[in-house]
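The structure appears below as structure tokens.
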Amino acid sequence: MSSPTPPKTPFRLLCLQGAGANAEIFAAQFAMLRYELEKDKYAQLVFLEANVETGRPASDIKDIYDGPFYNWFSWDMNKADLDADELHEAHDLVQGTIDAQGPFDGVFGWSQGGTLAASYLIEHAQRQTDPAAKPPFRCAIFAATPRPIDPAGLLKDPMVMKVASADDLGEIIQMPTLHITGTQDHWTSECMLMKDLCDQARASTCTYEGVHRPPKGPIANSQMAEGIKQFISNIAAGKLK
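In structure tokens:
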């Protein structure tokens with residue numbers, strides 16, 4: 005693999021936090037990654053805060069940070085229950101941010117933030133009637149990301165919760181994607197099912213040393229940063245379109 009080369013202009017990435025955090029915590033968790041990407045002019049990270057307050061902070065931050073803590077939506081995947089109104093409000097928040105602060109070259113979603121990004125992109129594709137229309141981003145980075153609920157099913161019946169599946173939707177996310185997982189993440193198999201929903205010809209993978217938590221230490225952060233740099237470099241060079 006050739007060494008990555010920075011794009012002419014840093015990619016603006018809309019960054020969506022995981023559950024039980026906030027934008028400030030999210031930025032702190034990924035400060036080392038942000039430094040690596042921004043100092044070499046690969047990306048500019050813009051952190052967006054979720055809007056559903058929760059009393060349950062993520063397990064890795066509950067004894068470190070004060071609240072408030074937020075989710076994008078209330079959802080226990082093991083129980084397949086989700087508040088449809090919260091999901092639609094989260095989609096609206098993403099769209100409103102694109103309208104107000106965009107354009108963005110890509111979206112970076114961590115855990116539930118990645119699930120929201122996938123849900124938003126799937127709904128956008130399902131609503132699109134013009135096959136020539138451009139997607140809202142040039143690329144998407146899904147870090148430790150489980151699959152979302154199928155948005156079309158929620159629109160038809162908010163009481164029916166069905167996890168999005170490539171068997172039903174095919175490779176519905178049509179853009180370059182990067183799928184990042186920790187080497188010991190218990191959600192890895194689910195993250196690969198998320199990858200199946202994306203265009204396989206343009207789907208890349210990256211791993212870092214760790215579990216289902218943001219990368220800790222220079223080695224894990226360097227592994228994630230190098231994967232993202234190579235991904236952005238390939239897009240900028242026209243190897244991924």
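According to my numbering, the sequence shown holds residues 5 to 245 in order. The beta carbon of each residue, even a glycine, is placed where N, CA and C say it ideally should be.
So, helix, strand or coil for residue i, using DSSP?
| i | result |
| --- | --- |
| residue 46 | coil |
| residue 3 | Absent from the model: residue 3. The displayed extent of the chain is 5 to 245, so no value can be given. |
| residue 75 | strand |
| residue 153 | strand |
| residue 98 | helix |
| residue 38 | helix |
| residue 65 | coil |
| residue 197 | helix |
| residue 9 | coil |
| residue 208 | strand |
| residue 241 | coil |
| residue 248 | Past the boundaries of the shown model lies residue 248; the chain is included only from 5 to 245, so the question cannot be answered. |
| residue 31 | helix |
| residue 175 | coil |
| residue 25 | strand |
Kindly identify the DSSP beta-bridge partner or partners of residue i.
| i | result |
| --- | --- |
| residue 88 | Its beta-bridge partners do not exist; DSSP assigns none. |
| residue 51 | 19 |
| residue 187 | In the DSSP output, where bridge partners are listed per residue, residue 187 has none listed. |
| residue 146 | 113, 183 |
| residue 215 | Partner(s): none; residue 215 has no beta bridge. |
Give a yes or no on whether the C-beta atoms belonging to residue i and residue j are separated by under 9 Å.
| i | j | result |
| --- | --- | --- |
| residue 19 | residue 112 | yes |
| residue 145 | residue 192 | no |
| residue 129 | residue 99 | no |
| residue 148 | residue 114 | yes |
| residue 201 | residue 170 | yes |
| residue 176 | residue 167 | no |
| residue 195 | residue 189 | yes |
| residue 14 | residue 41 | yes |
Residues in the same chain with beta-carbon distance under 6 Å from residue i, minus the five sequence neighbours each way, listed in chain order, please.
| i | result |
| --- | --- |
| residue 240 | 11 |
| residue 187 | 211, 213 |
| residue 30 | 21, 51 |
| residue 139 | 179 |
| residue 158 | 88 |
Kindly list the residues whose CB is nearer than 7 Å to the CB of residue i, restricted to its own chain and excluding five residues on each side of it in sequence; keep chain order.
| i | result |
| --- | --- |
| residue 27 | 21, 51, 52, 53 |
| residue 8 | 233, 234, 237 |
| residue 58 | 24, 73, 74, 75 |
| residue 223 | 213 |
For residue i, which residues from the same chain have a beta carbon less than 8 Å from its beta carbon, with the 5 sequence-adjacent residues on both sides left out?
| i | result |
| --- | --- |
| residue 44 | 10, 233 |
| residue 61 | 24, 25, 69, 71, 73 |
| residue 141 | 18, 108, 109, 110, 111, 125, 179 |
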